[in-house]
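Quick note, the sequences are listed as chains W and U, same order.
Mind the numbering: the first sequence is residues 2 to 53 in the working numbering, read in order.
Mind the numbering: the second sequence is residues 180 to 410 in the working numbering, read in order.
Structure first, then comments.
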Amino acid sequence: MDQPAPYVHWSFILISLPNLVLIGVMILLFVLALFAPFPGHRRSQRPGRRQP
Amino acid sequence: MTVPPDEASGTAPSGVDADDSGWTAAIRGRLERRLPLRELLPTRQPYYVGSWVYVFGVITLAALVWVVLSGVTLSVEGPQWWHVSREGRFVNGLHFWSVQLFFIFMVLHLWGQFWGAGWRDGRAGTWMVGVVIFAASIVTAFTGYLAQQNLDAQWIAVNAKDAVNSTGFGAFFDVTNFGQMYGLHVMLLPIGVTLLVVIHVVQVRLRGVVRPLGAPPPEEDDDVTAAKGGH
């Protein structure tokens, strides 16, 4: 914990590995939130009803 | 304002006092019309609220509660306690990590609202207050790093002073002035952020959650029952 974090350097982008991992986890969480089924979500499925 | 008596009974209409006048009654009437408890604490939500995307804002609120609770404890006990004692270091860590969660979920909430164009249908004010909360939170967190009372705080202050001075605000916002930074961090900024968050939530309740792009309007039997839905 007392050591400097490793950095990723690509062209003009310079970012610490912990920050890069955090951004990746946030993007993953966001995508999961978009597609993961929501518990207790009740919808009536009448014929002809448009899905959102 | 004189309320005319009911012609049949000779009494004032129910729910209205004869002396209901002045700005107090006007504000009360306005609040009752625009913010009924049914809207402030709804038990049903439109079907499209049944999505994890809408949970990000609530987690941000929960994190803010932990930030405030741990921050109040730290301010009561003081730096000797939070640097040396086992309990103090735990609460210090709780404060730090709840702030991390607050920012992570605030940004996820921001993404959800940005890509969903959450400012539509008269919600521009809600979006703008959210933007101000985001900016104020960054300043609050920054003053928190400066208020740690350790070498890290001094290092950040000495490195930041030139950047702040270059903006012209150095005379008003002196990052090397611990008293000013600590006062801002434990008093003015948290009160401001909390107040803005309350306004933000009330704004959301006033107009409801924005309908996702392309989603059909909700129908009466199409709702999610939030209070009984198991979430």
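C-beta: ideal position from N, C-alpha, C; glycine also.
Just so it is clear, the structure is predicted and the values come from calculations on it, not from any experiment.
Exclusion of the five residues before and after P7 of chain W leaves L18 as the residues of its chain whose Cβ lies within less than 6 Å of its Cβ. W11 of chain W is bridged by DSSP to W:I14. Across the region 12-41 of chain W, CB contacts with chain U closer than 8 Å involve L23, M27, L30, F31, L33, A34, L35, A37, F39, P40 and G41, in sequence order along the chain. For F357 of chain U, no CB of chain W lies under 9 Å from its own CB, so it is not counted at the interface with that chain. When rounded, the separation of the alpha-carbon atoms in V372 of chain U and V389 of chain U is 23 Å. Three or more Cβ pairs drawn from the region 360-375 of chain U and the region 309-317 of chain U lie within less than 8 Å of each other, which places the two stretches in contact. Taking C-beta separations shorter than 8 Å and ignoring five residues to either side along the sequence, the partners of W306 of chain U in its chain run Q292, G297 and W298, following chain order. If you check the CB distance, P258 of chain U and Q333 of chain U do not come in under 9 Å.
The Cβ atoms of E256 of chain U and V244 of chain U lie no closer than 9 Å to each other. Taking CB atoms only, V365 of chain U has no neighbour in chain W less than 9 Å away. Close to chain W, meaning a Cβ-Cβ distance shorter than 8 Å, are the following residues of the region 226-245 of chain U: Y226, Y227, G229, S230, W231, V232, V234 and F235. Residues of chain W whose Cβ lies closer than 7 Å to the Cβ of W290 of chain U are, in chain order, F31. The contact set of V389 of chain U on chain W, defined by CB atoms closer than 9 Å, is empty, because the minimum CB distance reaches about 13 Å.
At a C-beta separation below 8 Å, L220 of chain U has no neighbours in chain W, since its nearest C-beta there lies roughly 18 Å away. Taking 9 Å as the threshold, the shortest C-beta distance from L280 of chain U to chain W does not fall below it. Proximity of the region 214-223 of chain U to the region 377-393 of chain U meets the contact definition, three or more beta-carbon pairs being nearer than 8 Å. G295 of chain U is not a Cβ neighbour of V376 of chain U, given a cutoff of 9 Å. Here T355 of chain U carries a coil assignment [DSSP, helix/strand/coil]. Straight-line spacing of the CA atoms in G250 of chain U and F282 of chain U works out to 16 Å. For L273 of chain U, the nearest beta carbon of chain W is not closer than 9 Å to its own beta carbon. Taking 9 Å as the cut-off, the Cβ atoms of I238 of chain U and L280 of chain U count as close. For L287 of chain U, the closest Cβ of chain W is nearer than 9 Å. Taking a Cβ-Cβ threshold of 8 Å, the residues of chain W close to I283 of chain U are L23 and M27, in chain order.
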